[in-house]
Amino acid sequence: MKLLKVDTLEQAREKLLAQITWDMGKTEKIPVEKSGGRILACDVLAESPLPYFPRATVDGYGVRAADTQGAGESIPVFLEVKEEVEIGTVPSGEITGGTCAYVPTGGMIPRGADAMVMVEYTEPFDTSHIAVYSSVPSGAGILQIGEDVEKDQIILTRGTRLGAAQIGALAGNGIREAEVYKPLKVTILSTGDELTEPGCPLKPGCIYDINTPALARMGEEMGFEIVHTQVLPDREAVIEQALRQGLRSSDLIVISGGSSQGKKDMTSRILDRISNPGVFTHGLALKPGKPTILGVDKESESVLMGLPGHPGAALVVFRLLAGWLERQRTGCPEKPRVPAVMESNVPAAPGKDTILMVRLLPGEGGVYTARPVLGKSGLMRTLTGSDGFVRIPLGKEGLKTGETVTAELL
Numbered sequence: 001m002k003l004l005k006v007d008t009l010e011q012a013r014e015k016l017l018a019q020i021t022w023d024m025g026k027t028e029k030i031p032v033e034k035s036g037g038r039i040l041a042c043d044v045l046a047e048s049p050l051p052y053f054p055r056a057t058v059d060g061y062g063v064r065a066a067d068t069q070g071a072g073e074s075i076p077v078f079l080e081v082k083e084e085v086e087i088g089t090v091p092s093g094e095i096t097g098g099t100c101a102y103v104p105t106g107g108m109i110p111r112g113a114d115a116m117v118m119v120e121y122t123e124p125f126d127t128s129h130i131a132v133y134s135s136v137p138s139g140a141g142i143l144q145i146g147e148d149v150e151k152d153q154i155i156l157t158r159g160t161r162l163g164a165a166q167i168g169a170l171a172g173n174g175i176r177e178a179e180v181y182k183p184l185k186v187t188i189l190s191t192g193d194e195l196t197e198p199g200c201p202l203k204p205g206c207i208y209d210i211n212t213p214a215l216a217r218m219g220e221e222m223g224f225e226i227v228h229t230q231v232l233p234d235r236e237a238v239i240e241q242a243l244r245q246g247l248r249s250s251d252l253i254v255i256s257g258g259s260s261q262g263k264k265d266m267t268s269r270i271l272d273r274i275s276n277p278g279v280f281t282h283g284l285a286l287k288p289g290k291p292t293i294l295g296v297d298k299e300s301e302s303v304l305m306g307l308p309g310h311p312g313a314a315l316v317v318f319r320l321l322a323g324w325l326e327r328q329r330t331g332c333p334e335k336p337r338v339p340a341v342m343e344s345n346v347p348a349a350p351g352k353d354t355i356l357m358v359r360l361l362p363g364e365g366g367v368y369t370a371r372p373v374l375g376k377s378g379l380m381r382t383l384t385g386s387d388g389f390v391r392i393p394l395g396k397e398g399l400k401t402g403e404t405v406t407a408e409l410l
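Going by full-length UniProt numbering, 159 is the number at position 159 of the sequence shown; the sequence numbering is gapless.
Here it is, written out as structure tokens:
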């Protein structure tokens, strides 16, 4: 039987990379303001220092720090105000001994000033002087040239997913366009005579389709462009037509169901028929996820992925394979993993890697406790009730109470 000749997850990943002989790293340049969620395709260097002039970080007075030494609430220092600097303008004068200038937050520091005294520690003395009630060290309240980013310094590295902070960093350096990876176009198909689309009447013996919307959402979270979704009956001609359409429109075609050794197992032979070189993995040494198929079609430059029909298994395998492929393609780092301590003993499946869903509970000393969320792969509550999962490697009998594990967050 084919499913007895399974690959480990690592073997399947290695085979997948070896079979992809075409360039999956196509890029495009888009406006920075439209780049949210996209992944940088190259390092971005600062075109100029940031800030490119010394800026005030507080409202107050630009002074020479030495002039404020010894100032206190009972013994103020008196300084002459030479000018009021307006935001967005260049100061007209230079600060010399015994003088100062008012500078608003973000304003340019006048020449000669090396510190800012917050306005709260001053008060007017007469029309041209202030009293200073606090001493300040040199550099206080000032962002120096290049203190945030120096010229030609790397602002963001390849593989960075662009969020609000990253877009702000690019815009703050005057960068108008970002070179990002083009998202993979993905077709998602679910098969089964029993599947009913949500909102339609449910016939006896049928179930609502979970995989299509759940996989589509997970794909969007990974950064994929979902170009087509469809629920298909277990008819070979219909499935083949949908897969061929996927080859024409997508970089990745995902089909869930129909990958077990049951009598309706058509996926593998259809994929072999429509693709070249076709299927190279039919079965993973993974629980859940054993009935998984991988193939490629070099003519259309597409990856073909057959997932288990059970929703929990389909989502886990999609994450472990499609999510991993996306990280390989773009250099995007993995999500943070959380150390935790097992709350109870859990056995592992013999001869397989075992995926254990866990709930992470705050524990003593800031260390999380991993509570197993047990249930069959057909149950959605094993996912909705979990914060992440722990992978028990092949050959390990299980996990013991109190054992330290690493959980990957969902």
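Cβ atoms here follow ideal geometry from the backbone N, Cα and C, with glycine treated the same way.
If you count every other CB in all the chains shown that lies within 10 Å of the CB of residue i, and 16 or more means buried, which is it?
i	result
C200	exposed
E123	exposed
K5	exposed
K2	At K2 the pLDDT is 48, less than 50, meaning the model places this residue with poor confidence; the figure from the coordinates comes in the next sentence. K2 comes out exposed.
L17	exposed
K263	Confidence at K263 is low in this model, with a pLDDT of 39, below 50, so its placement is unreliable and the value that follows should be read with caution. Burial call: exposed.
A165	exposed
E326	buried
T401	exposed
I255	buried
K203	exposed
T382	buried
P198	exposed
D387	buried
L409	exposed
R269	exposed
G62	buried
T21	exposed
Looking at the secondary structure, which residues open and close the beta strand (DSSP E) in which residue i lies?
i	result
D297	I293 to D297
P124	T122 to D126
A29	Per the sequence shown, residue 29 should be read as Lys rather than Ala. Looking at the DSSP string, the run of the beta strand (DSSP E) that includes K29 is T27 to P31.
I175	Careful: I175 lies outside any beta strand (DSSP E) and carries neither H nor E.
A349	First-last for A349: undefined, no H or E at that position.
C100	T99 to V103
S35	Element bounds for S35: n/a, residue is neither H nor E.
Counting along the chain, where does the alpha helix (DSSP H) carrying residue i start and finish?
i	result
S256	Looking at the DSSP string, S256 is not in any alpha helix (DSSP H); the run it does join, the beta strand (DSSP E), is L252 to S256.
L215	N211 to M222
I239	E236 to S249
L271	T267 to I274
G72	Element bounds for G72: n/a, residue is neither H nor E.
F318	P311 to F318
E197	Unbroken run through E197: none, as it is neither H nor E.
G172	A164 to G172
Q328	W324 to T330
T9	The sequence given here places Leu at residue 9; Thr does not occur at that position. Where L9 is concerned, the enclosing alpha helix (DSSP H) stretches over L9 to Q19.
L383	R381 to T384
Is the beta carbon of residue i less than 8 Å from the beta carbon of residue j?
i	j	result
L356	Y368	no
I188	N173	no
R64	A113	yes
T191	Y208	no
L247	S300	yes
F389	V316	yes
I239	V186	no
G205	E194	yes
A237	V338	no
A171	V44	no
A101	A140	no
L379	K352	no
R244	I210	no
D251	L184	yes
Quick one: residues in its chain with C-beta nearer than 6 Å to the C-beta of residue i, no 5 flanking neighbours on either side, listed in chain order?
i	result
V296	Q19 and V303
P51	L143
S259	Low confidence applies to S259: its pLDDT is 48, below 50, so where it sits in the model is not reliable, and the reading given next is rough at best. Cβ neighbours of S259 beyond the five flanking positions: T267, P291, I293 and G306.
S135	T68, Q69 and A71
G363	T369
E73	Y133
Please work out which residues of its chain come closer than 7 Å, Cβ to Cβ, to residue i, disregarding the five sequence neighbours upstream and downstream, and give them in chain order.
i	result
V180	T27, E28, I30, S35, R38, I39, L40 and A41
L320	L9
H129	F78, L79, E80 and V81
G257	S190, T191, G192 and G309
Below 7 Å, is the gap between the Cβ of residue i and the nearest heavy atom of the ligand SAH?
i	result
R329	By its list of ligands, the structure shown contains no ligand whatsoever, and the ligand SAH lies outside what it can speak to.
Going along the chain, which residues of its own chain have a beta-carbon closer than 8 Å to the beta-carbon of residue i, five neighbours each way excluded?
i	result
K151	A46, E47, S48 and P49
L399	M342, N345, V346, A348, L356, V390, I392 and V405
P288	P308, H310, G312, A313, V316, V317, I355 and S377
Within 8 Å, do at least three Cβ pairs link the segment 9–29 to the segment 111–126? Under the Cβ criterion (8 Å, minimum of three pairs), the segment 111–126 does not count as touching the segment 9–29.
So, does the segment 88–107 touch the segment 35–50, judging by three or more C-beta pairs under 8 Å? Put simply, the segment 88–107 does not touch the segment 35–50. Fewer than three CB pairs are less than 8 Å apart.
State whether the segment 72–85 contacts the segment 94–105, with contact taken as three or more CB pairs (one from each stretch) at a distance under 8 Å. A contact exists between the segment 72–85 and the segment 94–105.
Would you check if there are 3 or more beta carbon pairs closer than 8 Å linking the segment 22–33 to the segment 138–150? Touching, no, given that fewer than three Cβ pairs across the two stretches are closer than 8 Å.
Stretch pair the segment 53–64 + the segment 102–117: three plus CB contacts closer than 8 Å: Contact annotation: the segment 53–64 touches the segment 102–117, with at least three C-beta pairs closer than 8 Å.
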